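Reading through the structure tokens given below for one structure.
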């Protein structure tokens, strides 16, 4: 308590009321805010307070001292409630899943509360606060399905306090509340069949597409995976926005914005990597997507010849209230409004590109669409094709 005997860089002011009272009981005299402690004494008293009175003296006293603000004490209850709930290790140095150590090159992250709740619900294993794991085990705030399966228990029981139990109940309530809607953030909430039925993609395919949605950010009302799921479910089922907003617990304007943003993001980051003349070279296409039968029939076993199949297909649409558009999209052949995309595929069925879509009136048959593609050099199609390439078409292209 004497400034003359303590070095200046080792002085710690007594700014906590609980701390002042405890010191007064020890030295039997009044303690004031301008009095100081050495670092060693403050650490010893802090440990005694935690063990005897269970008062958590603020660990950021140094920061509070610099700001001149008193640090309030946080009263916590002891972890005396033992429950038969398995738990993981509490080490901060190792990943609780793969046991890798925390290094400068391999930084571990604190397990999110959502992931801890996920492990408790799915595996019955409690993950203590501030436990660490590798970032590769997470998708957003939740564990990947294969990572969740490898979580191992290190103890058959766990000790809790009132705060731990309250937080567990609150987080569990939030998860149960979310189960009333389609939740694509928690991988285990939907089965593999659910993914296929709702989106047309398997779980692994959905995860792969989600990695390409780079322009979107998670928000309070929806995540990136939810945005992608909304778009895919709409394309798969054709449900109205009002029905989708009910299924995903979103407002109509939020759902419309999610569909628009996801479509733009996929067009910028996903589609160019898997569709179009620029995503694959002529040589690679000829070698990987030409079947031996097609090569023998049309190319005399020439490996450098690209064999492509051209054909128009139909996308049915709703009847438009705009008369001119209704007239241009009505097909006399099918008796329904539609648009016509032109597909360019390989002999093995690999889709190289999709051109269009075009209107369904008599001006846009297969032959006229093909003429338009080469006359306008759509997407630099002339530079991609090479001499002796083969186009396989039906009789609808006879005038091309």
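Residue numbers (our numbering): 1 to 400.
Ideal placement from N, C-alpha and C gives every residue a C-beta, glycine not left out.
Quick caveat, the model's predicted, so the values are computed rather than measured.
query: For residue 371, which option in 350, 396, 347, 348 has the closest C-alpha, if you only look at C-alpha atoms?; result: 396
query: Spell out a yes or no on whether the region 316 to 334 and the region 359 to 367 are touching, meaning 3 or more CB-CB pairs, one atom from each, closer than 8 Å.; result: yes
query: Residue 223 and residue 193 - do their beta-carbons sit closer together than 7 Å?; result: no
query: For residue 98 and residue 35, what's the separation of their Cα atoms in angstroms?; result: 49 Å
query: Is residue 305 buried or exposed, if buried means 16 or more other CB atoms sit within 10 Å of its CB?; result: buried
query: Looking at the secondary structure, which residues open and close the beta strand (DSSP E) in which residue 159 lies?; result: 158 to 160
query: Name the residue from 215, 258, 214, 221 whose alpha carbon lies nearest to the alpha carbon of residue 233.; result: 258
query: Within a Cβ cutoff of 8 Å, which residues of the same chain sit near residue 344, ignoring the five residues on either side of it in sequence?; result: 308, 309, 310, 351, 352, 353, 354, 355
query: When you compare the region 383 to 394 with the region 284 to 302, are there three or more beta-carbon pairs, one atom per stretch, that lie closer than 8 Å?; result: yes
query: Would you mind sorting residue 132 into buried or exposed? The rule is 16 or more other CB atoms within 10 Å of its CB.; result: buried
query: Between the region 212 to 231 and the region 243 to 262, are three or more C-beta pairs nearer than 8 Å?; result: yes
query: In terms of alpha-carbon separation, which member of 109, 191, 173, 254 lies closest to residue 221?; result: 254
query: Measure from the alpha carbon of residue 237 to the alpha carbon of each residue in 269, 205, 200, then state which is nearest.; result: 200
query: For residue 82, which residues does DSSP report across the bridge?; result: 159
query: So, helix, strand or coil for residue 207, using DSSP?; result: helix
query: Which complete alpha helix (DSSP H) runs does the region 236 to 278 hold, if anything under 4 residues is left out?; result: 241 to 247, 252 to 269, 271 to 274
query: Measuring straight from C-alpha to C-alpha, what distance separates residue 150 and residue 335?; result: 56 Å
query: Just curious, the alpha helix (DSSP H) that residue 328 is in, first and last residue?; result: 323 to 329
query: How is residue 353 classed by DSSP in three states: helix, strand or coil?; result: strand
query: By DSSP's criteria, residue 336 is part of a beta bridge. Which residues make up the other side?; result: 331
query: Could you name the residues of the same chain whose beta carbon sits closer than 8 Å to that of residue 24, not counting the 5 residues immediately before and after it, in chain order?; result: 30, 31
query: Residue 196 lies in the alpha helix (DSSP H); which residues open and close that run?; result: 192 to 199
query: Would you list the one or two residues that DSSP bridges to residue 143?; result: 138
query: Decide if residue 357 is buried, meaning its Cβ has at least 16 other Cβ atoms within 10 Å, or exposed.; result: buried
query: Just the Cα atoms here: how many angstroms apart are residue 294 and residue 394?; result: 16 Å
query: Any idea what DSSP makes of residue 366, helix, strand or coil?; result: helix
query: Going by Cα to Cα distance, which pick from 137, 281, 216 is closest to residue 453?; result: Given that the chain is displayed from residue 1 to residue 400, the structure contains no residue 453 and the question cannot be resolved.
query: I need the boundaries of the beta strand (DSSP E) containing residue 36, first residue and last residue.; result: 36 to 38
query: Go ahead and pull the three-state DSSP assignment for residue 314.; result: coil
query: Take the Cβ of residue 262 as the centre, count every other Cβ of all protein chains shown within 10 Å, and call the residue buried at 16 or more, exposed below.; result: buried
query: List the endpoints of the continuous alpha helix (DSSP H) containing residue 108.; result: Taken as a continuous stretch (DSSP letters only), residue 108 belongs to no alpha helix (DSSP H), as it is neither H nor E.
query: Can you grab the Cα-Cα spacing for the pair residue 210 / residue 140, in whole Å?; result: 11 Å
query: So, are the CB atoms of residue 291 and residue 208 less than 7 Å apart?; result: no
query: So, helix, strand or coil for residue 126, using DSSP?; result: strand
query: Three-state secondary structure (DSSP) at residue 132?; result: strand
query: How many Å lie between residue 267 and residue 273 at the Cα?; result: 10 Å
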